[in-house]
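Residue numbers (our numbering): 9 to 801.
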């Protein structure tokens with residue numbers, strides 16, 4: 009297959025998978041809006057009813073900001089009840105109506121202008137007010153009328169998917185131009201060596217050797233220093249593999265300092281775009297950058313954080329670094345401020361909220377004239393604001409954003425020397441291309457042995473709608489709200505098909521084939537030769553100097569779980585990666601099993617953490633002999649085999665989330681003993697793969713210990729750590745069915761959160777039948793943990 013054909017198949021598959029993801033998101037919410045009453049939506053936190061418009065103003069980008077509050081005419085308290093609306097969510101303002109009228113309204117406005125123009129992004133949330141930003145950039149006439157009595161409904165959010173779909177189109181236009189020249193009519197990125205290397209159209213170039221590198225932080229361990237040097241020497245791409253607790257962010261900070269400072273190894277300071285899969289990952293990097301000392305000349309790095317102010321970390325330094333805050337403080341801001349004040353006044357008049365309007369809106373002829381003024385002022389405001397934003401970004405050596413936010417209009421014409429993507433193994437490949445197309449080089453950081461990005465659509469599914477309909481008839485249907493709850497939690501519904509089909513499919517597909525780490529100092533032999541030639545005119549022609557061997561051909565991914573990080577390791581091999589191999593989190597016994605099974609026994613503990621136990625905590629001062637037994641044991645296993653502590657399924661469907669009341673009792677009792685021995689609730693986390701078990705644990709433990717003792721799913725705890733971690737495996741049944749416990753990456757995340765003490769609660773007779781990995785883990789626990797048979801307690 010020619011390089012053109014491979015590339016086309018790859019891009020087509022990406023678009024196909026993104027479309028499935030879009031449909032999955034839309035289907036869930038469409039089912040809810042069509043089948044649920046207003047009261048039920050409000051009970052589940054998906055809608056807020058009987059609201060009134062408190063104010064209308066203009067925000068960044070000329071968006072109309074609508075402030076909503078609970079009306080005292082319909083509510084005793086101005087406080088909102090518990091709800092699921094968060095900054096960044098898509099929501100719609102609708103007329104508050106009865107269930108029957110509501111359904112009629114949804115049908116009449118679906119796809120219509122009013123429905124679209126009353127949809128927006130949740131901008132800010134407080135206990136008494138919610139601000140919705142309506143994007144009126146596409147408006148061709150007056151803004152839609154806002155009802156006096158309204159409700160706010162959470163909608164499907166496909167903005168990120170749409171942006172990813174557009175970036176795949178851009179790649180296609182650049183590398184596979186249409187014969188009719190239609191590609192030239194839309195924005196088309198320039199083909200770069202980076203783009204070609206990432207898509208396997210050429211080999212990665214030879215590294216530029218650096219011999220006299222001086223580190224800013226001499227406390228870096230040898231593997232961290234090697235990773236820094238490797239990232240600086242790589243011409244196009246470098247992958248930093250950071251297993252749990254190995255100081256990945258610490259290493260990235262050193263790389264950033266090297267790239268942005270003039271040294272003998274770096275003749276000129278470079279401009280960086282730093283991105284992450286989540287706002288938290290971006291803010292963690294920015295927080296550390298803000299704490300750096302000034303250079304020897306007294307200079308400090310200049311940062312700008314792009315992103316929703318309500319979604320960034322509530323830290324004064326980080327908030328001050330946001331584009332919105334810096335734009336407001338800039339000298340050019342006064343140019344736009346006067347226009348904004350005038351625009352706010354006109355919008356206030358239109359909504360009846362202006363002073364002297366007494367809540368009355370202008371009549372039709374005057375309204376039309378005022379809307380014309382609004383459109384004119386908006387245009388002027390956007391132009392002046394654009395100049396302010398451009399001036400702020402021009403002065404910024406480092407710009408930080410999530411991968412998705414990097415595709416916003418603020419960075420539309422910005423370019424960078426290097427893009428750094430943290431948590432790259434938790435991001436869809438398509439979203440990583442958003443910052444990549446703005447840079448000449450990319451550095452990816454992550455751990456492919458931990459959880460991949462969350463995918464809503466069924467993995468590997470290519471079934472037709474008829475197939476899905478037939479399957480729906482054969483099985484009891486889940487309620488719309490159950491479907492949504494699973495999507496919101498980011499948990500895959502337990503798959504009862506406990507065969508090894510998924511595992512075997514992963515092995516058969518080279519993209520998913522496991523690739524053991526090799527010694528990074530001695531790259532393995534290049535992959536076997538393959539036919540990846542192309543005609544001189546095609547983008548597949550290799551014009552970059554090769555470092556050896558032909559590439560593994562570009563193959564379409566099986567699912568969106570295949571990340572760019574995964575694919576590059578498969579395509580280019582270990583020569584594009586360096587692994588950090590010293591961890592600073594776990595006791596040496598806790599790390600033994602994950603190191604052996606997931607990291608080829610290369611992950612070792614730093615002496616400062618290898619022997620630390622709960623008894624070494626500063627708050628543990630006076631202990632009894634019985635307590636010492638608890639506080640001196642790094643790994644405990646409560647085995648419920650033979651106890652008949654069987655799981656149960658939530659709801660009527662066999663595919664609902666699982667819970668296990670008896671395991672909850674064991675977890676609660678062990679937490680009681682730990683706390684009685686002096687461990688603080690804030691030093692304990694309880695982790696379980698199932699949302700129903702989280703709910704059950706929370707109902708039993710939270711009334712006693714409050715929110716200090718954290719309880720969550722594995723997914724929610726990725727990137728976190730605690731002195732004590734208790735894992736409830738839940739699964740116990742006669743069929744020896746384990747569901748997604750077979751996912752070794754999920755278990756790897758769970759067992760590597762613990763620093764001093766790991767407690768596992770589960771049924772070994774069920775769990776060991778799930779996979780070879782689970783069988784090995786049960787055997788390891790039996791031989792290395794303090795095993796306590798639950799039925800004897």
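The C-beta atom is built at its ideal place from N, Cα and C for all residues, glycine as well.
*asked:* Any beta carbon of chain D sitting closer than 7 angstroms to that of residue 278?
replied: Protein chains in the displayed structure number just one, and chain D is not present.
_Residues bridged to residue 591 (per DSSP)_ = Listed as beta-bridge partners of residue 591 by DSSP are 613.
*Using DSSP bridges, identify the partner residues of residue 736.*
769
_Check this for me: beta carbons of residue 685 and residue 638, under 7 angstroms apart or not?_
yes
*Quick one: grab the DSSP three-state call for residue 141.*
Under the three-state reduction of DSSP, residue 141 is assigned to strand.
*With 16 other Cβ atoms within 10 Å as the buried cut-off, status of residue 300*: exposed
*When burial is assigned at 16 or more other CB atoms within 10 Å of the CB, is residue 423 buried or exposed?*
When all chains shown are included, residue 423 counts as exposed.
*C-beta contact flag for residue 99 and residue 162 at 7 angstroms*: yes
*Compute the distance between the beta-carbons of residue 137 and residue 211, then report whether it is under 7 angstroms.*
With respect to the 7 angstroms criterion, residue 137 and residue 211 are not classified as neighbours on the basis of their beta carbons.
*Should the region 574 to 594 be called in touch with the region 756 to 764, which here means at least 3 C-beta pairs below 8 angstroms?*
Counting Cβ pairs under 8 angstroms, three or more are found: they touch.
*Looking at the structure shown, is residue 194 part of a helix, part of a strand, or coil, going by DSSP?*
Note: residue 194 maps to coil in three-state DSSP.
*Could you tell me which residues DSSP puts in a beta bridge with residue 449?*
Answer by DSSP bridge pairing, in chain order: 426.
*Just to confirm, are residue 47 and residue 176 a CB contact at a threshold of 7 angstroms?*
no
*asked:* My output table needs one value for residue 162: the three-state DSSP class, helix, strand or coil.
replied: strand
*Whole-angstrom distance between residue 37 and residue 290, CA atom to CA atom*: Within the model, the alpha-carbon separation for residue 290 versus residue 37 is close to 29 angstroms.
_The alpha helix (DSSP H) enclosing residue 669, as first and last residue numbers_ = 669 to 684
*Would you call the region 400 to 416 and the region 205 to 225 in contact, with 3 or more CB pairs under 8 angstroms?*
With the cut-off at 8 angstroms, the region 400 to 416 and the region 205 to 225 do not touch.
*Between residue 399 and the rest of its own chain, which residues show a CB-CB distance below 7 angstroms, the 5 nearest in sequence each way excluded?*
If you ignore the 5 residues before and after residue 399, its C-beta comes within less than 7 angstroms of the C-beta of 338, 340, all in its own chain and listed in chain order.
*asked:* Checking 7 angstroms against the spacing of the C-beta atoms, do residue 805 and residue 254 come in under that value?
replied: Outside the shown range of the chain, which is 9 to 801, sits residue 805, and nothing can be said about it.
_DSSP state of residue 713 mapped onto helix, strand, coil_ = helix
*With DSSP run on the structure shown, which of helix, strand or coil describes residue 157?*
coil
*Drop a sphere of 10 angstroms on the beta-carbon of residue 82, count the other beta-carbons inside from all chains shown, and report buried for 16 or more, exposed for fewer.*
exposed
*Could you name each continuous alpha helix (DSSP H) segment of 4 residues or more that falls completely within the region 173 to 242, going from the start of the chain to the end?*
201 to 206, 230 to 241
*How far does the beta strand (DSSP E) with residue 356 in it reach, from first residue to last?*
Taken as a continuous stretch (DSSP letters only), residue 356 belongs to no beta strand (DSSP E), being part of the alpha helix (DSSP H) at 341 to 359.
*Measure the alpha-carbon distance for residue 80 versus residue 86 and round it to whole angstroms.*
7 angstroms
*Output the distance between the C-alpha atoms of residue 664 and residue 697, rounded to the nearest integer angstrom.*
13 angstroms
*CA-CA distance, residue 633 and residue 773?*
33 angstroms
*What's the C-alpha gap between residue 401 and residue 452?*
23 angstroms
*What does DSSP give as the partner residues of residue 313 in its beta bridges?*
330, 408
_Is it the case that the region 351 to 358 contacts the region 315 to 324, given that we only count it when at least three CB pairs across the two stretches are under 8 angstroms?_
no
_From the DSSP secondary-structure annotation, give me the bridge partner or partners of residue 693._
Residue 693 pairs with 718, 733.
*residue 434, buried or exposed, once every other Cβ within 10 Å from all chains shown has been counted against 16*: buried
*Where residue 10 and residue 214 are concerned, what is the direct C-alpha to C-alpha distance, given to the nearest angstrom?*
25 angstroms
*Same chain, Cβ closer than 6 angstroms to residue 624, neighbours up to 5 away in sequence not counted*: Correct list: empty, nothing qualifies.
*At a cut of 8 angstroms, does the region 698 to 706 reach the region 717 to 727 through at least three beta carbon pairs?*
Touching, yes, given that three or more Cβ pairs across the two stretches are closer than 8 angstroms.
*Own chain partners of residue 776 with C-beta closer than 7 angstroms, once the 5 adjacent residues on each side are dropped*: 782, 783, 786
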